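To keep things clear, I will list the structure first and then write my remarks on it.
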Amino acid sequence: MKAIEINNLIIKLNGREVLKNINLSLNEGQFIGIVGPNGGGKTTLLRAILGLMKPTSGGIRIFGRPPEEVLKTGCMFGYLPQILKVKPDFPIRVIDVVMMGRYGRVGILRWPGEKDRKKAIEYLSMMGVEELRNVPFGQLSGGQQQRASIARALAGEPKILVLDEPNTGIDVIGQGDFYHLLKGLQKRFGITILMASHDIGTITAYVDEIACLNYTFHYQGNPLGALNENVLTELYGKNVDLLLHTDICDKCERLRRV
Amino acid sequence: MQKALFVGIMVSLISGLISVFVVLRKMSFIGAGISHAAFGGVAIGFFTGINPTITAIIYTIAVALGIELVSRKGKISEDVSIGIFFASSMALGIVLVSLSRGYTVDLFGYLFGNILAITKEEVLLSLFVAIFVIGLIMLFLKEIFLTSYNEEIARVSGISVRAINILFLIVLSVSIVISIKIVGIILVSALLVIPGATAQLFAKNVYFMIVASCGFAVFSTILGLLLSYEFDIAPGGSIVLTATVLFLIALFLKKRQ
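From first to last, the protein sequence lines stand for chains G and B. Quick note on numbering: the first sequence equals residues 141 to 398 in my numbering. Quick note on numbering: the second sequence equals residues 4 to 260 in my numbering.
Following this line, the structure appears as structure tokens:
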């Protein structure tokens, strides 16, 4: 059974078509990057997959079930929304944020227990922010907040991880580590990963598959195939300059930092 | 005085707890709107001869759910719908009161609080409502908390955010009506905001914020009632002013940190 299956999806918002003719077939354990310009529908597509938004027409199936049904279980997805609209004075520590990722597993009318706490700390340390666990979340830097939020998304041990622009707040070097981490999780737990990003450069090195989205899919398949002037022009519009990162560039950056 | 203190403490425990979420969910305007709308509910009680507390509870729940429905459908923004419900409920109340002359003494009590006229039934009622409100909030604490943090993450965790929002509005409405006896309709929204706002200044996690908020509310009520008794001043105003001073002190201490 496919992890995610989308057929002829169309989504209209306020009468305007935002997504058209979306077809996608994703196996369990795959890591797919959805790239494209802002406003091209990436967030909308992710939200439709999560069950947060109803399709205007077409079907979505998550392991054979419709998203609304999957949503009720609370255990399928780990979600990192694009901008976390959290007020900085919200009374929550890092450990509390990650514990919230366990609520789907704990269920209604029950309290999180020792096992949940252990899992929360496990994922906090996996993301490298364990020492910050009693610090108020609002006091963390952007990158630290992202890592804690990812720990939250993972803490519920979801089958599918959905990340919407997770790179905001993480510098270029950090991004490399971040992708390594995701690949590690993919191998270790077999989770399916869906990541939306407007950063087409770095992502192509790590994903199994890439889909270029701007209202519809302009390309789907092998990541390297996306780094092609025709595809990119269709995706982002005219006047696209292709700058290639190579191994040399990466090493220079690291040397300069040391 | 004993009855007033007991009901006052019950009311402050309820308001303290609810206030945490009113502040976190940025619902102080809705709180004020529902409180004033309660006037319409109370007036319906006067007009029909039914117990005003009962009519007020039913009416405020209806208004709260009405606000939720109207703003969810999206055609009218939430603050506009609150403003409309609030003002028209008060207008309804004023009209009904003018049609049922002879209740002006009771009316004053509902608007400004009437701690001297608390009955045994009301003492028991305040106890039951406290158990009901505190029980429900504690039962669904993690759901309410996560929904207040981020509604989408809450939905993805399997929570029915709409049900939680409706539950909270119902609990809020009931809490407001029960608090009217102590501080009156005009000031009840203060109890929904000030304790929580004071607690938020120092709280690092939600449990602490709840305890602090209830603590501030109870303290303000007891001190306020004692001051009103000692100096023969309006109890509702006395309680709210005490709470305000407490908030200002806390703010001052926080700025110095």
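Where a beta carbon is used, it is the ideal one built from N, C-alpha and C, also for glycine. Everything numeric in this text was worked out from a predicted model, so none of it was measured.
Cut-off 8 Å between Cβ atoms - residues of its own chain near residue i, not counting five sequence neighbours on either side
i, result
"B/Leu139", "Leu170, Val174"
"G/Arg187", "Met193"
"B/Ile57", "Gly48"
"G/Asp229", "Gly278"
"G/Leu153", "Thr184"
Cβ separation of residue i and residue j, assumed to be a contact under 8 Å, to the nearest whole Å
i, j, result
"B/Lys29", "G/Tyr243", "Rounded, the Cβ-Cβ distance is 22 Å, inconsistent with contact."
"B/Phe250", "B/Ala200", "6 Å"
"B/Val18", "B/Pro198", "Correcting the residue identity first, residue 18 of chain B is Ser in this sequence and not Val. Yes, they are in contact, since the Cβ atoms of B/Ser18 and B/Pro198 sit about 6 Å apart, within 8 Å."
"B/Leu99", "B/Ala46", "4 Å"
"B/Phe148", "B/Val209", "6 Å"
"B/Gly96", "B/Gly52", "With 8 Å as the limit, B/Gly96 and B/Gly52 do not qualify as a contact, their Cβ atoms being about 16 Å apart."
"B/Phe88", "B/Gly36", "6 Å"
"B/Ile137", "B/Ala41", "About 21 Å separates the two Cβ atoms, so there is no contact after all."
"B/Leu226", "B/Thr245", "5 Å"
"G/Thr342", "G/Gln315", "6 Å"
"B/Ser176", "B/Ile60", "7 Å"
Close beta carbons around residue i, own chain, < 7 Å, minus the five adjacent residues each side
i, result
"G/Lys160", "Ile150, Tyr355, Thr356"
"B/Ala215", "Ala202, Phe205, Ala206"
"G/Lys142", "Ser165, Leu166, Asn167"
"G/Val246", "Pro252, Asp256"
"B/Asp82", "Phe32"
"B/Glu125", "Val10, Lys184"
"G/Val347", "Phe171, Ile172, Gly173, Pro363"
6 Å CB neighbourhood of residue i in its chain, flanking five on each side removed
i, result
"B/Phe135", "none"
"G/Gln360", "Ala351"
"G/Asp236", "none"
"B/Leu190", "Gly239, Val243"
"B/His39", "Phe89, Met93"
"G/Ile162", "Ile146, Leu149"
Status (buried if at least 16 other CB within 10 Å, exposed otherwise) for residue i
i, result
"G/His358", "buried"
"G/Glu317", "Looking at the sequence shown, residue 317 of chain G is not Glu but Asp. Looking at its Cβ environment, which holds fewer than 16 other Cβ atoms inside 10 Å, G/Asp317 is exposed."
"B/Gln260", "exposed"
"G/Glu305", "buried"
"G/Gly199", "exposed"
"G/Lys259", "buried"
"G/Thr184", "buried"
"G/Ala291", "buried"
"G/Gly324", "exposed"
"G/Gly365", "exposed"
"G/Gly179", "exposed"
"G/Arg156", "exposed"
"G/Gly204", "exposed"
"B/Ala120", "exposed"
Strand pairing of residue i, partner residues [DSSP]
i, result
"B/Val14", "Beta-bridge pairing links B/Val14 to no other residue."
"G/Asp304", "G/Ala336"
"G/Glu168", "None; G/Glu168 has no bridge partner."
"G/Lys152", "G/Glu157"
"G/Ser197", "G/Ile150"
"G/Val175", "G/Ser337, G/Cys352"
"G/Gln364", "In the sequence as presented, Gln is not what sits at residue 364 of chain G; that position holds Leu. None, per the DSSP bridge assignment."
"G/Glu145", "G/Ser165, G/Arg201"
C-beta neighbour in chain C for residue i, strict 8 Å
i, result
"G/Phe203", "Structure shown: chain C not included; protein chains present are G and B."
Residue i: CB within 7 Å of a non-hydrogen atom of the ligand COA
i, result
"B/Val243", "Annotation note on the ligand COA: not contained in the displayed structure, which lists no ligands."
So, do the stretch 172 to 185 of chain G and the stretch 330 to 337 of chain G have three or more beta carbon pairs nearer to each other than 8 Å?
-> Remark: three or more beta-carbon pairs, one from each stretch, lie closer than 8 Å, so the stretch 172 to 185 of chain G and the stretch 330 to 337 of chain G are flagged as touching.
Three or more C-beta pairs below 8 Å linking the stretch 258 to 273 of chain G and the stretch 211 to 227 of chain G = no
If you pair each beta-carbon of the stretch 4 to 14 of chain B with each one of the stretch 50 to 69 of chain B, do three or more pairs fall below 8 Å?
-> no
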